[in-house]
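One structure is given here, and the rest of the page talks about it.
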Ligand code: NDP
Ligand code: 2IT
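Numbering (our numbering), first residue to last: 39 to 486.
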């Protein structure tokens with residue numbers, strides 16, 4: 039990875055001192071700034087107009103209490119966040135995460151990344167993120183509903199199809215979006231479909247949104263491999279996680295002829311040398327909401343390794359699809375030693391800076407999350423488009439659009455990397471290309 043340019047040292051120091059303790063946010067900012075040295079030398083106007091300082095300071099940050107009653111009648115209190123980071127390109131757009139680890143620093147890292155990811159799609163969406171430290175594990179449907187209703191009772195006043203449009207992320211899928219949308223509709227007395235994305239197909243959702251992040255990650259991987267005359271067909275692949283992104287990354291990789299042999303959750307990992315049985319994995323994770331070990335119990339040649347790291351499983355392509363900093367330098371060394379050829383981040387910032395550097399030094403094709411996982415939010419934008427025109431598209435048409443968008447994201451990253459003298463560096467390409475789009479819009483809009 040690059041060293042931080044002298045012209046940007048002061049900006050990063052300011053981010054550190056203004057946002058104490060927000061480790062993940064610091065990491066995400068540094069990763070972008072490290073790519074921007076050559077850009078600000080070529081375009082000093084960005085520094086004169088304080089574009090970097092403005093980008094690092096969210097336009098609006100909301101923190102609020104979410105009180106709700108559990109099934110035993112006890113009152114529970116959670117904390118929720120919405121960070122509306124940047125609206126130069128369109129309404130604030132980005133998911134909501136429910137996980138006990140959520141605090142302001144996580145929401146800000148995700149919101150910051152979202153600005154650049156959304157810019158890379160070429161679509162008219164600004165960047166935001168939200169969530170709560172609510173832990174959905176072990177909670178009943180009724181508890182999830184009451185929590186979502188209480189959260190929306192505050193959040194609704196900040197949302198709108200032209201203002202801020204949340205979607206899912208870790209712990210938030212179609213079930214939660216349904217409860218959130220129901221409460222928004224009740225409070226506002228408006229059937230405003232485009233205020234949330236990731237909705238069910240019965241009430242304004244888009245075909246392919248469920249699959250989009252995982253599918254998009256695999257489309258991006260296929261594009262990267264093609265630059266070396268390779269493809270996923272016949273490749274040995276592992277994914278981490280076994281949630282929304284992981285399941286559909288595995289599905290598309292299998293459709294393209296890959297042999298997907300491992301996945302994981304926070305309890306450990308499963309290796310299935312026969313290739314993952316997607317129907318069973320979906321039943322265990324999506325329908326029964328069980329641990330991944332339950333999958334292994336039902337497959338003759340699968341083993342479950344409790345507490346282990348999925349990165350120990352030999353593979354040619356690795357798709358980290360669980361959470362931030364899940365793949366560190368030591369894991370990267372193991373993957374490289376065992377012959378990994380491509381790594382694409384389905385999750386947001388799953389590789390530590392050390393891991394990223396090691397992959398790049400070893401010549402492994404490496405796709406950062408803000409490029410590789412942009413298919414999810416891109417398809418959210420297609421959902422908004424369908425909602426705005428009161429239309430709904432077929433699966434085939436929507437998937438075709440997604441694929442074109444991912445080819446476009448790949449092309450923009452590759453072109454910017456070439457232009458700035460770092461061919462094949464998708465980290466630099468993604469950061470530079472997206473920064474230029476957002477920065478130019480910000481300059482056009484004046485000091486706002
Ligand atoms: P899900 O909640 O559907 O699945 C998350 C998966 O990751 C689960 O298998 C979970 O295991 C595992 N996981 C989560 N947190 C941890 C942790 N702290 N340690 C170990 N494992 C963990 O989420 P998604 O699939 O939607 O999201 C996965 C990643 O993809 C996130 O980084 C998210 O930000 C990113 N992303 C999601 C998009 C989307 O459209 N949903 C779009 C773009 C990026 P367990 O059940 O044991 O917690
Ligand atoms: O990280 C992400 O891009 C998401 N969780 C999806 C955001 C969205 O608005 O679809």
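Backbone N, C-alpha and C define an ideal beta-carbon position, used for all residues, glycine too.
Original post:
Should residue 135 go down as buried or exposed, given a rule of 16 or more other Cβ atoms within 10 Å for buried?
Top reply: Result: buried.
Subject >> When 95, 423, 160 are compared against residue 408, the one with the closest alpha-carbon >> reply: Taking only the C-alpha atoms, the option nearest residue 408 is 160.
Original post:
Measuring from the CB of residue 131, is there a heavy atom of ligand 2 at a distance below 6 Å?
Top reply: It does: the Cβ of residue 131 is within 6 Å (strictly closer) of some heavy atom of ligand 2.
Original post:
Looking at residue 346 and ligand 1, is the gap between the Cβ and the nearest heavy atom below 6 Å?
Top reply: Residue 346 Cβ: outside cutoff for every heavy atom of ligand 1.
**OP:** Quick one: using the 10 Å Cβ neighbour count with 16 as the cut-off for buried, is residue 484 buried or exposed?
**Re:** When all chains shown are included, residue 484 counts as exposed.
**OP:** For the beta strand (DSSP E) containing residue 166, list its first residue and its last residue.
**Re:** Segment 165 to 170, the beta strand (DSSP E) holding residue 166.
Subject >> For residue 115, three-class secondary structure by DSSP >> reply: Correct three-state label for residue 115: strand.
**OP:** Answer yes or no: do residue 48 and residue 109 have a C-beta to C-beta separation smaller than 7 Å?
**Re:** In this structure, residue 109 does not lie closer than 7 Å to residue 48 by Cβ.
Subject >> Span of the beta strand (DSSP E), counted from its first residue to its last, around residue 302 >> reply: Start and end: 297 to 303.
Original post:
Per the contact definition of three or more C-beta pairs closer than 8 Å, is the stretch 327 to 334 in contact with the stretch 351 to 368?
Top reply: Segments in contact, no.
Original post:
Do the CB positions of residue 296 and residue 275 come within less than 7 Å of each other?
Top reply: A contact, by the Cβ cut-off of 7 Å.
**OP:** Enumerate in chain order the residues of its own chain whose CB-to-CB distance from residue 422 is below 6 Å, with the five nearest sequence positions on each side excluded.
**Re:** Counting only Cβ-Cβ distances below 6 Å, and skipping sequence neighbours, we find 232.
**OP:** Take residue 4 and list the residues in its own chain whose beta-carbon comes closer than 6 Å to its own, dropping the five residues that flank it on each side.
**Re:** One cannot answer for residue 4 here, as it falls past the ends of the chain, which runs 39 to 486.
Original post:
What's the gap between the Cα of residue 461 and the Cα of residue 438?
Top reply: About 28 Å.
**OP:** Report, in whole angstroms, the separation of the C-beta atoms of residue 106 and residue 245, which I expect to be a contact under 8 Å.
**Re:** Contact between residue 106 and residue 245 does not hold, since their C-beta atoms are separated by about 33 Å, which reaches or exceeds 8 Å.
Original post:
Who pairs with residue 400 in a beta bridge, going by DSSP?
Top reply: For residue 400, which the question treats as bridged, DSSP gives no partner whatsoever.
Subject >> Buried or exposed (CB count within 10 angstroms, at least 16 for buried), residue 382 >> reply: Of the other Cβ atoms in all chains shown, 16 or more fall within 10 Å of the Cβ of residue 382; this residue is therefore buried.
**OP:** Decide if the stretch 375 to 389 is in contact with the stretch 349 to 359; the criterion is three or more beta carbon pairs, one per stretch, under 8 Å apart.
**Re:** Touching, yes, given that three or more Cβ pairs across the two stretches are closer than 8 Å.
Subject >> Span of the alpha helix (DSSP H) around residue 385 >> reply: From DSSP, residue 385 is part of no alpha helix (DSSP H); its letter is neither H nor E.
Original post:
Mind checking whether the beta-carbon of residue 211 lies closer than 6 Å to any heavy atom of ligand 2?
Top reply: Outside the cutoff, so no.
Subject >> CA-to-CA distance, residue 300 to residue 491, given in whole angstroms >> reply: Nothing can be reported for residue 491, as the shown portion of the chain is limited to 39 through 486.
Original post:
Between residue 366 and residue 392, which are expected to be in contact by the criterion C-beta below 8 Å, what is the C-beta distance as a whole number of angstroms?
Top reply: Indeed they touch by this definition, with Cβ atoms about 6 Å apart.
Original post:
Candidates 373, 434, 92: which alpha carbon is nearest residue 476's?
Top reply: When each option's Cα is compared against that of residue 476, the closest is 92.
**OP:** Could you tell me whether the stretch 117 to 124 touches the stretch 164 to 174, using the rule of 3 or more Cβ pairs below 8 Å?
**Re:** In short, these stretches touch, since the Cβ pair count reaches three.
Subject >> Inter-residue spacing [alpha-carbon to alpha-carbon] between residue 193 and residue 178 >> reply: Cα-Cα distance, rounded: 22 Å.
Original post:
Is there contact between the stretch 273 to 292 and the stretch 334 to 354, where contact requires at least three CB pairs shorter than 8 Å?
Top reply: Enough Cβ pairs lie closer than 8 Å, so yes.
Original post:
Since residue 99 sits in a beta bridge, which residues does DSSP pair it with?
Top reply: According to DSSP, residue 99 bridges with 121.
Subject >> Span of the beta strand (DSSP E), counted from its first residue to its last, around residue 278 >> reply: Per DSSP, residue 278 is one residue of the beta strand (DSSP E) stretching across 274 to 278.
Subject >> residue 292 versus residue 257 - alpha carbon distance >> reply: In a straight line, the C-alpha of residue 292 is about 12 Å away from that of residue 257.
Original post:
Which residues in the same chain have their Cβ closer than 6 Å to the Cβ of residue 152, if we skip the five residues on either side of it in sequence?
Top reply: Sequence-distant partners of residue 152 (beyond 5 residues in either direction) whose C-beta falls short of 6 Å from its own C-beta, in its chain, are 132, 165, 167.
**OP:** Whole angstroms is fine: what's the gap from residue 370's alpha carbon to residue 72's?
**Re:** Taking the Cα positions, residue 370 is about 21 Å away from residue 72.
Subject >> Where residue 333 falls: helix, strand or coil (DSSP) >> reply: Reduced to three states, the DSSP call for residue 333 is helix.
Original post:
Hey, is residue 280 close to ligand 1, as in C-beta under 6 Å from one of its heavy atoms?
Top reply: Residue 280: yes, Cβ under 6 Å from ligand 1.
Subject >> C-beta neighbour in chain C for residue 292, strict 7 Å >> reply: Going by chain labels, chain C is absent from the structure shown, which holds only one protein chain.
Subject >> Residue of 260, 217, 147 minimising C-alpha distance to residue 123 >> reply: Just measuring C-alpha positions, the residue of 260, 217, 147 sitting nearest residue 123 is 147.
Original post:
Rounded to the nearest angstrom, how far is the Cβ of residue 318 from that of residue 336, given a contact under 8 Å?
Top reply: Indeed, because the Cβ distance is near 6 Å, the residues count as touching under 8 Å.
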